[in-house]
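Asker: Quick one: this structure, given as structure tokens, is what I'll be asking you about.
Structure representation (structure tokens):
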């Protein structure tokens, strides 16, 4: 069964969707991500969709679901890199991805996740360790 | 309704027929729609719109119509080219089309954006449906 790889980076999970996803692949990603959040006690999920040239209501709903499930598991999700033509089409289709955080690119998305982690007092020490090991 | 009666008013430059009986066929429909949309030089936004509409309708065809056929046509009307896509099933049909076209209406799996949403993404949209006989949706995007 095809699966989209999920990378772990510190407390974050990174996913880059580079294929035209069939519905089952999207469902698998949803399941894999929620499992991985629990396994890795991840605090953030970054989903890069810059290679996707179509986001229909099914994929849109999957992005919304991932975001909601992650939130329930105490992790934030940011969807980054949406192509302008995809954004125009999504809104005209009637899907506004309410409740899904978005950023223009991976860098801005990571900044959002870090800010979220920073403001999370309980994990501040953890975060500093990660920040130091990065420098 | 016979396919041969469709599009007789203008020349059809190309016709492709694809079966939709499993989920992975939706991806094939998307790719065929993209290829033809590029071929008639639709703008990137218009390509994305027609491909997205095709994706929604192919999924409807599979989920509600129990599968069927997608027919893609490249049309010429005077100087302009267009991409027309038919979605034909022999499923249960849609009892109330007006209701089905309304945003938020869904009989199950979807988000209720399928038909109404797809309609907004194209220039022309027609739907005929007969209880017990099936549904035929046609979308057209002109260059």
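Chains as they are written, first to last, in my numbering: chain A, 9 to 143; chain B, 6 to 148. Just so it is clear, CB atoms sit at the ideal spot from N, CA and C, and this is done for glycine as well. Note that the structure is a prediction, hence the values are computed from the model and not measured.
Could you check the C-alpha separation between residue 116(B) and residue 49(A) for me, to the nearest Å?
Answerer: As a working note, residue 116(B) is residue 111 in the second chain. As a working note, residue 49(A) is residue 41 in the first chain. Legend: pLDDT at residue 116(B) = 48, less than 50; position of this residue unreliable, value from coordinates given subsequently. One C-alpha to the other measures close to 31 Å.
Asker: Between residue 32(A) and chain B, is any beta-carbon pair separated by less than 7 Å?
Answerer: What you label residue 32(A) is simply residue 24 of the first chain in a count that begins at 1. Taking Cβ atoms only, chain B reaches closer than 7 Å to residue 32(A), which makes this a yes.
Asker: Please report the straight-line C-alpha distance between residue 80(B) and residue 124(A), rounded to a whole angstrom.
Answerer: Within the second chain, residue 80(B) is the residue found at index 75, counting from 1. Within the first chain, residue 124(A) is the residue found at index 116, counting from 1. In this structure, the alpha-carbon of residue 80(B) lies about 52 Å from that of residue 124(A).
Asker: With 16 as the cutoff for other CB atoms within 10 Å, does residue 43(A) come out buried or exposed?
Answerer: Looking up residue 43(A) in the first chain gives position 35. By the neighbour-count rule (16 or more Cβ atoms within 10 Å), residue 43(A) is not buried but exposed.
Asker: I need the boundaries of the beta strand (DSSP E) containing residue 28(B), first residue and last residue.
Answerer: Translated into the one-based positions of the second chain, residue 28(B) becomes position 23. No beta strand (DSSP E) contains residue 28(B), which DSSP labels as neither H nor E.
Asker: Measuring alpha carbon to alpha carbon, tell me which of 97(A), 119(A), 66(A) ends up nearest residue 54(B).
Answerer: In the second chain, residue 54(B) corresponds to position 49, counting from 1. When each option's Cα is compared against that of residue 54(B), the closest is 97(A).
Asker: What residue range does the beta strand (DSSP E) around residue 107(B) cover?
Answerer: Along the second chain, one-based indexing puts residue 107(B) at 102. That residue, residue 107(B), is in no beta strand (DSSP E); it is neither H nor E in DSSP.
Asker: For the beta strand (DSSP E) containing residue 55(A), name the first residue and the last one.
Answerer: Your numbering for residue 55(A) matches position 47 in the first chain. Under the DSSP assignment, residue 55(A) falls in the beta strand (DSSP E) whose first and last residues are 52-56.
Asker: So with CB distances below 7 Å, who are the chain A contacts of residue 203(B)?
Answerer: The structure shown has nothing for residue 203(B), since chain B only spans 6 to 148.
Asker: Using beta carbons (cut-off 7 Å, strictly below), is residue 101(A) in contact with chain B?
Answerer: The count along the first chain starts at 1 and reaches residue 101(A) at position 93. Closer than 7 Å to some Cβ of chain B, the Cβ of residue 101(A) qualifies, so yes.
Asker: Taking only three categories from DSSP, how would you classify residue 131(B)?
Answerer: Along the second chain, read from residue 1 onward, the residue named residue 131(B) stands at position 126. Note: residue 131(B) maps to strand in three-state DSSP.
Asker: Along the segment 117-133 of chain B, what residues have a CB closer than 9 Å to any CB found in chain A?
Answerer: 117, 118, 119, 121, 122, 123, 125, 126
Asker: What are the start and end residues of the alpha helix (DSSP H) that includes residue 84(A)?
Answerer: By one-based count along the first chain, residue 84(A) stands at place 76. Residue 84(A) -> not in any alpha helix (DSSP H); beta strand (DSSP E) instead, spanning 84-88.
Asker: Give the secondary structure of residue 14(A) by DSSP, where H, G and I count as helix, E and B as strand, and everything else as coil.
Answerer: What you label residue 14(A) is simply residue 6 of the first chain in a count that begins at 1. Correct three-state label for residue 14(A): strand.
Asker: Which of the three DSSP states is assigned to residue 116(B) in this structure?
Answerer: As a first step, residue 116(B) must be located in the second chain, where it is residue number 111. Because residue 116(B) sits at a pLDDT of 48, beneath the cut-off of 50, its placement in the model cannot be relied upon, and the following sentence gives the value as read from the coordinates. If DSSP states are grouped into helix, strand and coil, residue 116(B) belongs with coil.
Asker: Residue 28(A) versus chain B: which residues are under 8 Å apart at the beta carbon?
Answerer: Start at 1 with the first residue of the first chain, and residue 28(A) comes out as number 20. The contacting residues are 32, 35, 36.
Asker: For residue 95(A), which beta-bridge partners are listed by DSSP?
Answerer: The count along the first chain starts at 1 and reaches residue 95(A) at position 87. Partner(s): none; residue 95(A) has no beta bridge.
Asker: Any Cβ of chain A within less than 7 Å of the Cβ of residue 43(B)?
Answerer: Position 38 of the second chain, counted from the first residue, corresponds to residue 43(B). So no, residue 43(B) is outside the interface.
Asker: Answer yes or no: does any C-beta atom of chain A fall closer than 7 Å to that of residue 145(B)?
Answerer: Taking the first residue of the second chain as position 1, residue 145(B) is located at position 140. Judged by the 7 Å Cβ criterion, residue 145(B) is not in contact with chain A.
Asker: In the structure shown, what three-state DSSP assignment does residue 124(A) receive?
Answerer: Taking the first residue of the first chain as position 1, residue 124(A) is located at position 116. The answer is helix: DSSP assigns residue 124(A) an H, G or I state.
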